[in-house]
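Chains as they are written, first to last, in this note's numbering: chain A, 1 to 377; chain B, 378 to 620; chain C, 621 to 989.
Take a look at the structure below.
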């Protein structure tokens, strides 16, 4: 009995060693696995924003006067807008919009000079390239506000008006308007899923394909040891990646971990185990590496990216998709991480997430275990 | 007439010299056994001769062309069967034949006629539409060999063609080799079965990247006062420095 | 060139016989086109507004009604306190809060200035920002109207801004997303599959057998490329069909324009896949290298956030991103009806991409080492 366990342990050690050597030998893949979280944090943190800037504006002003010049100057003085040309006809405006040379045109109707101050209104038209609807809505909104204000100045009431309403902005959650709070947990979920589910499934199927798995399975080693040994290196890799993401998030993005680090690590570990079981499950249903990659890369990754709330808010989705998103482990993990990291919620608040993840993990393991054994039998 | 001539052929990987100043000739139409222990450098030497690997120095002329400067001229006149089975497993038998014959520029009608003859000779007509994946190893190897000589190359290179098959199939395989040699195709074969070495017209034995001896099996046995090639080989292998 | 025919025949047979690929080529686009436009939806249809009215005066009521009447907002909550209001924001039920202070109406009637607080939930940046923009516009209008009422001498609003949203009048998100989705599909299928192809032959050893034949590098690469090029076209055509069936989205411009650019894009991206494949030793490696690049391509493509909003360094990188150009092209044709003449820059960029990638693919395929 005793002898058997020691030999089991040493076998486990030997297998783990073999797996680690496999991974270390493939420097390029290793570099990429370690680099992915860094790149993602940098891109999400510093490159991807929906902020509006440098909107290229064309001006069509057939009869320029003091008023239209004032409005134009006010608009272009704003940081959001840059001047991109004077136009002489609506057709030219249209052409430039289509070619993407300008995104918005400020169009004044031809009128006799001084008309504004006389009868009080001047028709101003904003023509926007609305192919990107949200950006267009934003910059036309800004432009309208600026023009209205400029017209107010013209109307001769620059002094304190009697009834003044001062709107004051107070941004909730992240004053920098950066969605770091949203994407850091998302990146963690994505990266763990990538390493654990994808790498594990590929590396198991690879052995299946080359026939070495059969060889191992007919050896006296228990299948459990083989699979467990395969998992260890990915556990280590996941740990390194979580650490990288947290460090980057705290020191580069200034997103502090408000809640308990202990629970954060523990829940991450739980998610890692669930992802590993997904990897094992995938490897139990496919035969070829190509299939394993495509399933884990496209069929698994896609929903994670889309339905986890990393890029798109789940609340906006139709009910059917919101329901589907409940089936995605990463969604629960990301929700739990948000609560721990950002809101600093105590563990009781994430009990539901933890239970769901535990349930999913057990279910996946049971199914793949059965599949695995069926194959051997 | 020599179909292969090498002169001080050398291949180094870093500081490791896999093939060390090898010089030999292979005559037209002979079955040339290329022997050596694992790691002696035979596969590397063979890959150079096939144009798969570039020599570090030295020269090799195969089928009248220099392998280093004109590998594609060489490739037109050779056939090759690698150690690792290398037909497409997900193609049918006839599809594999058609693919390789087509690559060598044979016309579809010609391919069709010739593959019918080939399958009849192999007594494998009902295997025509089978996926290669489903064939037993012995058949796969016979098929790979037949594909390698289908376009009537001047030389066919066989890298341990009978690895892992039973003695009966090995015997059948050698029958095929003889038939091919009778057609005037030179056969260049590596093997580590010493009984197979006896079937060759001439044999070279590589030790530590160098060709130690090159002669007919009879002469070699006489020279080392051995009763079998096995003994000759063991005698030479004793001097090896590589494991 | 005669040999190319045999190589193509082989690739197609292998593809058709694969246990998974044909299914993937049909199912994946179907699934993506069915689901993604619903999931990848940042459409701001109605902004959920919560009003904390601490005043309960006729004026604060009037403001609330003005907000409701604007058509931009749906009033979902009237919480009594700020903490309660925050709960609504946390749960995602409320997008923006308007905090009307006590004695708001009184102050306005007495002609004093007063402040209101706007608190958008900035987790969904666009929505929060839009909410703020709309809110301040309405507040301004409200204030101007009040002023006009109190002092009839001062003139009414001097300007009327009419906004014309060209190319997408209803500001719908799907017509914006669906064309980009087609590009994504093509990139995923025509990028990953070639990347796995050559390295797959390396792993199974069949490439050795090809390498000892006189097949030219160019013929070999062409034999690998053309099948994916056809797959790309099939997928594109299928996506056109699905877009029309499910979302009634058809291009304003010509299909021909998209096909022309697709020809270049698929050649380029498939060539890129082949380069990765040539340089990789294992399929696993090829997969991850490809994943890495595609991730960067997608994130920096303007797929969901405009490239213009990015900082300079990111825009410089994005200038080398082929996806970026092709997304621009397909959106341009679908929404704006752009023709080839309108898109000379993408044409140039994608052509060079295709040429460079394939020259590199041919160069990096080594028959001997």
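Glycine included, every Cβ here is placed at the ideal spot set by N, Cα and C.
Taking 8 Å as the CB-CB cut-off, is residue i touching chain A?
{"i": "residue 659 of chain C", "result": "yes"}
{"i": "residue 897 of chain C", "result": "no"}
{"i": "residue 796 of chain C", "result": "yes"}
{"i": "residue 777 of chain C", "result": "At residue 777 of chain C the pLDDT is 46, less than 50, meaning the model places this residue with poor confidence and gives no usable figure here."}
{"i": "residue 707 of chain C", "result": "no"}
{"i": "residue 807 of chain C", "result": "no"}
{"i": "residue 685 of chain C", "result": "no"}
{"i": "residue 649 of chain C", "result": "no"}
{"i": "residue 793 of chain C", "result": "yes"}
{"i": "residue 676 of chain C", "result": "no"}
{"i": "residue 693 of chain C", "result": "no"}
{"i": "residue 725 of chain C", "result": "no"}
Using a C-beta to C-beta distance shorter than 9 Å, which residues of chain C count as neighbours of residue i?
{"i": "residue 505 of chain B", "result": "Chain C residues near residue 505 of chain B: none, gap ~15 Å exceeds 9 Å."}
{"i": "residue 279 of chain A", "result": "Under the 9 Å cutoff, chain C gives no residues; its nearest Cβ is about 13 Å from residue 279 of chain A."}
{"i": "residue 482 of chain B", "result": "622, 623 and 834"}
{"i": "residue 475 of chain B", "result": "626, 629 and 630"}
{"i": "residue 472 of chain B", "result": "629, 630 and 633"}
{"i": "residue 468 of chain B", "result": "630, 633, 634 and 637"}
{"i": "residue 87 of chain A", "result": "None at all; the shortest Cβ gap to chain C is about 14 Å."}
{"i": "residue 52 of chain A", "result": "749, 926, 928 and 929"}
Applying the 10 Å Cβ sphere with the 16-neighbour rule, what's the burial state of residue i?
{"i": "residue 397 of chain B", "result": "buried"}
{"i": "residue 534 of chain B", "result": "buried"}
{"i": "residue 974 of chain C", "result": "buried"}
{"i": "residue 160 of chain A", "result": "Reliability of the predicted coordinates at residue 160 of chain A is poor, the pLDDT of 44 falling under 50, and the value obtained from them is presented with this limitation in mind. So residue 160 of chain A counts as exposed."}
{"i": "residue 141 of chain A", "result": "buried"}
{"i": "residue 650 of chain C", "result": "exposed"}
{"i": "residue 323 of chain A", "result": "exposed"}
{"i": "residue 332 of chain A", "result": "buried"}
{"i": "residue 118 of chain A", "result": "With a pLDDT of 48 at residue 118 of chain A, under the threshold of 50, the predicted position of this residue should be treated as unreliable, though the coordinate-derived value follows. Per the 10 Å Cβ criterion, exposed."}
{"i": "residue 920 of chain C", "result": "buried"}
Out of the options, which one is the CA nearest neighbour of residue i?
{"i": "residue 665 of chain C", "options": "C:750, C:733, C:941 and C:955", "result": "C:750"}
{"i": "residue 245 of chain A", "options": "A:325, A:184 and A:138", "result": "A:184"}
{"i": "residue 828 of chain C", "options": "B:392, B:439 and B:452", "result": "B:452"}
{"i": "residue 926 of chain C", "options": "C:982, C:945 and C:898", "result": "C:945"}
{"i": "residue 639 of chain C", "options": "B:438, B:467, B:411 and B:405", "result": "B:467"}
When you compare the CB of residue i with every CB in chain C, is at least one pair closer than 8 Å?
{"i": "residue 514 of chain B", "result": "no"}
{"i": "residue 287 of chain A", "result": "yes"}
{"i": "residue 290 of chain A", "result": "yes"}
{"i": "residue 520 of chain B", "result": "no"}
{"i": "residue 449 of chain B", "result": "yes"}
{"i": "residue 200 of chain A", "result": "no"}
{"i": "residue 333 of chain A", "result": "no"}
{"i": "residue 123 of chain A", "result": "yes"}
{"i": "residue 158 of chain A", "result": "Residue confidence is low: residue 158 of chain A scores 46 on pLDDT, short of 50, so the model does not pin down where it sits. No coordinate-derived value is stated."}
Kindly list, in the order they appear in chain B, the residues whose Cβ is closer than 8 Å to that of residue i.
{"i": "residue 904 of chain C", "result": "By Cβ distance, chain B contributes nothing, its closest Cβ being about 19 Å from residue 904 of chain C, past 8 Å."}
Just to make sure I have the definition right: I need the residues of chain B whose C-beta is within less than 7 Å of the C-beta of residue i. Which are they?
{"i": "residue 714 of chain C", "result": "Within 7 Å Cβ-Cβ: nothing; residue 714 of chain C doesn't reach chain B, min ~57 Å."}
Compute the beta-carbon to beta-carbon distance between residue i and residue j, rounded to the nearest angstrom, for a pair I have assumed lies under 8 Å.
{"i": "residue 310 of chain A", "j": "residue 213 of chain A", "result": "With 8 Å as the limit, residue 310 of chain A and residue 213 of chain A do not qualify as a contact, their Cβ atoms being about 34 Å apart."}
{"i": "residue 123 of chain A", "j": "residue 780 of chain C", "result": "6 Å"}
{"i": "residue 888 of chain C", "j": "residue 942 of chain C", "result": "5 Å"}
{"i": "residue 714 of chain C", "j": "residue 134 of chain A", "result": "19 Å between Cβ atoms; not a contact."}
{"i": "residue 539 of chain B", "j": "residue 547 of chain B", "result": "5 Å"}
Is there a C-beta anywhere in chain B that falls below 8 Å from the one on residue i?
{"i": "residue 828 of chain C", "result": "yes"}
{"i": "residue 817 of chain C", "result": "no"}
{"i": "residue 637 of chain C", "result": "yes"}
{"i": "residue 825 of chain C", "result": "yes"}
Distance cutoff 8 Å, beta carbons only. Does residue i sit that close to anything in chain E?
{"i": "residue 944 of chain C", "result": "Reference to chain E is not applicable here, since the protein chains of this structure are A, B and C."}
List, in order along the chain, the chain C residues whose C-beta lies closer than 8 Å to that of residue i?
{"i": "residue 312 of chain A", "result": "659, 660, 661, 662 and 924"}
Check the Cβ of residue i against every Cβ in chain B and list those closer than 9 Å, keeping chain order.
{"i": "residue 788 of chain C", "result": "Result: empty, since nearest Cβ-Cβ is about 47 Å, beyond 9 Å."}
Name, please, each residue of chain C whose Cβ falls closer than 7 Å to the Cβ of residue i.
{"i": "residue 352 of chain A", "result": "Residues of chain C passing the Cβ test: none, with the nearest at roughly 14 Å."}
{"i": "residue 427 of chain B", "result": "832"}
{"i": "residue 69 of chain A", "result": "Residues of chain C passing the Cβ test: none, with the nearest at roughly 14 Å."}
Residues of chain A with a CB under 7 Å from the CB of residue i: which are they?
{"i": "residue 749 of chain C", "result": "138"}
{"i": "residue 754 of chain C", "result": "141"}
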